[in-house]
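So the sequence shown is numbered by the working numbering: it starts at 1 and just counts up by one.
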Amino acid sequence: MPRISSAVPRHKRVKRTMKAARGARMTRSTTFHAANETLLRAGNYARAGRRLKKRDYRGIWIVRVSAACMAEGILYSRLINGMKKAGITLNRKMLSEIALHDPQAFSAVVRVVKEKMAATA
Numbered sequence: 001m002p003r004i005s006s007a008v009p010r011h012k013r014v015k016r017t018m019k020a021a022r023g024a025r026m027t028r029s030t031t032f033h034a035a036n037e038t039l040l041r042a043g044n045y046a047r048a049g050r051r052l053k054k055r056d057y058r059g060i061w062i063v064r065v066s067a068a069c070m071a072e073g074i075l076y077s078r079l080i081n082g083m084k085k086a087g088i089t090l091n092r093k094m095l096s097e098i099a100l101h102d103p104q105a106f107s108a109v110v111r112v113v114k115e116k117m118a119a120t121a
């Protein structure tokens, strides 16, 4: 059985890794071992960043809705609680978009919530 060299696949893998590591500083972009470690770490940070992005956006939506609630004279927590009691199933993203782009619709939601809370109190 003939000896099989892995030169071509290895060269292809090294080229792909080195190309991906361009822009890194010092030997992290010039030596394969350091570049490979850099890419592994970068992948881990990228994955964590994708999780953090979701968390950050949720915080932004809550701040937007809270600011709109202050303008309407209701607390954010009371709005969310009242929406649950009234059976309004708007998530925080949609609620923030409505508050930002359609204040009249947001006022209507707040009015329904206030009526529901007054009826239950």
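No residue lacks a Cβ here, since even glycine has one placed at the ideal position from N, Cα and C. If you're wondering where the values come from, they're calculated on a predicted model, not measured in any experiment.
*Could you pull the start and end residues of the alpha helix (DSSP H) that residue 98 belongs to?*
Residue 98 -> alpha helix (DSSP H) spans 92-101.
*asked:* Helix, strand or coil for residue 24? Go by DSSP, reduced to three states.
replied: In this structure, residue 24 counts as coil in the three-state DSSP scheme.
*Identify whether residue 9 lies in helix, strand or coil by the three-state DSSP scheme.*
If DSSP states are grouped into helix, strand and coil, residue 9 belongs with the helices.
*Between the stretch 74-89 and the stretch 28-43, are three or more C-beta pairs nearer than 8 Å?*
No contact exists between the stretch 74-89 and the stretch 28-43.
*Express the C-alpha separation of residue 24 and residue 106 in angstroms, rounding to a whole number.*
Cα to Cα, the separation comes out at about 47 Å.
*In three-state DSSP terms, what is residue 121?*
Assigned with DSSP and collapsed to three states, residue 121 falls in coil, not helix or strand.
_Enclosing alpha helix (DSSP H) for residue 41 [first to last residue]_ = Note, residue 41: alpha helix (DSSP H), 32-72.
*For my contact list, residue 28 and residue 35 are in at a C-beta cut-off of 8 Å; report their separation, rounded to the angstrom.*
Going by Cβ atoms, the distance from residue 28 to residue 35 rounds to 6 Å, so yes, they are a contact pair.
*If we call anything under 7 Å between Cβ atoms a contact, is residue 116 one with residue 67?*
Residue 67 is positioned such that its CB atom lies no closer than 7 Å to that of residue 116.
_Contacts around residue 18, its chain only, beta-carbon distance under 7 Å, and the 5 residues preceding and following it disregarded_ = The residues are 32 and 35.
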